[in-house]
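The sequence shown begins at 1 in full-length UniProt numbering and counts up by one. Virtual Cβ for every residue (Gly too), placed ideally from N, Cα, C.
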Amino acid sequence: MKAGDVKPGMRNIDLELKVGGMGDPHTFEKKGEQGKVVTAVCEDGSGRVKVSLWDEDAERVETGDRIRVEGGYSRLFKGELRVSAGRYGEIVVST
1 MKAGDVKPGM RNIDLELKVG GMGDPHTFEK KGEQGKVVTA VCEDGSGRVK VSLWDEDAER
61 VETGDRIRVE GGYSRLFKGE LRVSAGRYGE IVVST
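Given below as structure tokens:
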């Protein structure tokens, strides 16, 4: 799948993207545990998509990295399309 083909509500998304930029990290508390999320603006030849990077993924992904979202999903968050690996997917950083 390509970034330009992603629509809200899709599941089991596989994308290969380049990280063009990273937002500021946001920390939160849920069920008594601390978490972190960062929004990465990613692209491929077909377009751009924002990817939510959670916890350890937020720590290991940097601007300029090539990533693969495996088994992700998409949704609208604050009116913007976002892709996330979620609980069952994975973010793989390519070298």
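Check your understanding: Whole beta strand (DSSP E) runs in the segment 37–94 with 3 or more residues, listed along the chain?
Key -> Secondary structure in the segment 37–94: the beta strand (DSSP E) runs of 3 residues or longer, each lying completely within the stretch, are 47–54, 66–77, 80–84, 90–94 in chain order.
Practice item. For my contact list, K50 and V61 are in at a C-beta cut-off of 8 Å; report their separation, rounded to the angstrom. Key: The Cβ separation is near 13 Å, so there is no contact.
Check your understanding: When you compare each of I91, P25, G86 to K36 by their alpha carbons, which one comes out closest?
Key -> Per the Cα distances, P25.
Check your understanding: How is D14 classed by DSSP in three states: helix, strand or coil?
Key -> strand
Review point. Whose CA, out of K30, A58, D5, lies closest to the CA of G23?
Key: A58
Exercise for review: With DSSP collapsed to three states, give me the class of G4.
Suggested key: helix
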